[in-house]
Amino acid sequence: MNISYAGSPFGFDTGLAELGGWLAFVLSVLILLGLVLGVISLVPFYFTLLAGEFTLFLTQNFGRGFKFLLISFRGLRRNLLRTSLTYLATFVLTFVICVIWSVLTFIDLVTTERETDFKAIVTERYQAPSQMPSKYEGDIVEAIKSLPEHLRPANVEDNVMTWSFIGGSTDPKVRSMENIIFFFALEPKKLLTMQYEPGELTEADVESLRTHIKTMEDNPRCVMVGPDKLKAMNKRVGDRIKVYTLGIVDIEFEVEIIGELPGDRMSSSAVMNRAYYYQSLQDYERRTGKKHPLEEGNGRTLNLVWIKLPNKEAFEAAAALVNDPAKFSAPAIKMETASSAVGSFLEAYRDILWGARYLFLPAVAITMSLVVANAISISVRERRTELAVLKVLGFQPWQLLLLVLSEALMVGALSGMISTGLAYYMVNIVGGGIKFPIAFFPKFMIRDSVLWLGPLLGMVTSLVGSLLPAISACRVKASNVFAKVS
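Each residue of the sequence shown is one higher than the one before, starting from 2 at the first, in the working numbering.
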């Protein structure tokens with residue numbers, strides 16, 4: 002992944018060509034993984050069919066409904082190869098839909114504005130990456146304090162967090178994903194008040210984070226790194242590393258990794274005490290006798306400011322102050338909601354996300370219906386004699402309709418349930434998420450809602466796909482069938 006410093010208020014970006022290639026790769030992996038899981042899950046699928054048939058066989062004397070379902074189960078077992086292929090196709094496509102739907106749903110969630118606890122972002126108005134003088138932090142805090150009491154946070158300083166972006170490599174000559182590391186230079190204590198959402202961390206994570214924050218404040222050379230980045234760099238807690246900066250002239254950092262960043266959002270990032278960053282810039286001035294290029298003029302050491310406000314009214318009042326060019330003009334800055342900023346960043350990926358939502362997902366659902374329709378149509382043609390016999394025995398057309406539909410619904414429900422269950426387990430528990438870096442989100446988790454969405458999706462697509470074959474089944478004329486047999 003190429004790290005550039007354009008096109009994003011966050012100061013880093015993933016190129017569209019790279020994202021397109023990464024998307025194709027992710028889809029290929031998802032389909033392959035879904036196929037492998039589908040083949041493995043054939044065992045529990047067969048077991049479920051046999052268990053269901055055996056249970057219905059024991060209880061068929063309790064009513065005609067049990068006998069009807071027993072016939073449906075036996076119909077599925079009649080041609081196991083076709084049933085298995087239908088199950089596999091539905092399994093794989095349901096798996097892919099649920100994974101992509103989870104990503105799109107999460108993106109919708111983070112781009113939807115809240116009614117309370119607004120998070121706002123302040124960036125430079127006319128330049129990317131955003132670069133602002135460090136004194137703007139104090140000016141912004143004073144602007145927030147000037148708001149009416151009911152519009153400002155209880156403690157303004159605790160609700161304002163600054164970021165300075167520091168990209169670096171542990172190898173000064175050869176740079177790769179294994180040795181590149183990206184730091185957010187900030188006040189360590191703001192990790193608890195601003196960085197994480199309420200309920201995002203466990204109590205154990207919070208206590209551990211408090212301990213590490215105290216260590217970082219006592220020793221500014223201590224840093225925290227996400228577990229995925231540690232794994233990629235083949236480093237661990239306790240290691241000392243030297244970081245050669247990218248794009249920051251003649252600045253190097255010698256840091257000690259004291260802990261892992263908790264939570265999923267920061268798994269591929271790292272944080273350092275901004276005091277160490279500012280101290281390094283002052284050391285440069287002592288060594289060379291002149292200011293560092295980032296501190297010349299008004300300075301350009303501040304990249305982004307996060308502000309937490311109580312409600313939308315407070316945001317609008319604060320934005321009016323911060324966006325005023327008479328107060329902040331060198332350079333001009335802008336204040337927008339966090340959801341709006343993420344939405345602006347995702348604008349570059351709009352076509353890809355639109356295509357995934359409105360073209361790819363419907364196409365997969367239609368494909369699922371066609372697969373089921375084809376399989377059920379073949380089954381109905383092969384069973385015309387059996388259907389004719391059932392009519393002679395007294396089965397009504399609507400009963401034959403339900404018989405065919407029930408077989409399709411069983412396959413759809415079972416494939417959807419097993420597919421989403423395995424997807425949830427493999428992605429969230431075993432894999433630790435889908436590593437698909439967009440904006441500030443290095444990976445995505447399967448949403449809990451897919452556990453009911455998958456079976457529902459399987460049943461709906463199976464119902465749609467089997468409707469026409471089922472109608473043709475209930476229209477079978479016994480006289481015509483037996484005339485051909487004779």
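Ideal Cβ placement from N, Cα and C applies to all residues, glycine included.
Nothing here was measured: the structure is a model prediction, and the numbers come from that model.
Handout entry: Classification of residue 88 by the beta-carbon crowding that lies within 10 angstroms, buried from 16 upward
Key = buried
Problem - Alpha carbon of residue 316 to alpha carbon of residue 325, nearest angstrom - result: 14 Å
Practice task
Would you check if the distance between the CB atom of residue 409 and the CB atom of residue 435 is smaller than 8 Å?
Solution key: no
Handout entry: Sequence-distant residues of the same chain with beta carbon closer than 6 Å to residue 38, five excluded per side
Key = 423
Exercise for the section: Would you list the residues sitting across from residue 336 in a DSSP beta bridge? Expected result: 123
Practice task
Assign residue 186 to one of three DSSP states: helix, strand, or coil.
Solution key: strand
Problem - Span of the beta strand (DSSP E), counted from its first residue to its last, around residue 309 - result: 305-312
Handout entry: Boundaries of the alpha helix (DSSP H) in which residue 387 is found, first to last residue
Key = 385-393
Handout entry: Whole-number beta carbon distance between residue 227 and residue 267, since they are thought to touch under 8 Å
Key = 5 Å
Exercise for the section: Taking 8 Å as the cut-off, decide whether the C-beta atoms of residue 447 and residue 99 are in contact. Expected result: yes
Exercise for the section: Identify which residue in 340, 251, 356 has its Cα closest to the Cα of residue 287. Expected result: 251
Handout entry: C-beta atoms of residue 95 and residue 370 nearer than 8 Å
Key = no
Practice task
On the DSSP bridge assignment, give the partners of residue 261 in chain order.
Solution key: 226
Handout entry: From 73, 48, 46, residue whose alpha carbon lies closest to that of residue 407
Key = 73
Handout entry: Which listed residue (363, 236, 162) has its alpha carbon closest to that of residue 182
Key = 236
Handout entry: Beta-carbon contacts of residue 295 that lie in its chain and below 6 Å, excluding the five residues immediately before and after
Key = 301, 302
Practice task
Work out the CA separation of residue 133 and residue 332 for me, nearest whole Å.
Solution key: 7 Å
Exercise for the section: Out of 208, 184, 391, 162, state which residue places its alpha-carbon closest to the alpha-carbon of residue 171. Expected result: 184
Handout entry: Classification of residue 9 by the beta-carbon crowding that lies within 10 angstroms, buried from 16 upward
Key = Residue confidence for residue 9 is low, a pLDDT of 37 falling below 50, so the modelled location carries little weight; the figure read from the coordinates is stated next. When all chains shown are included, residue 9 counts as buried.
Exercise for the section: Just tell me which of 356, 322, 341 has its CA closest to the CA of residue 334. Expected result: 322
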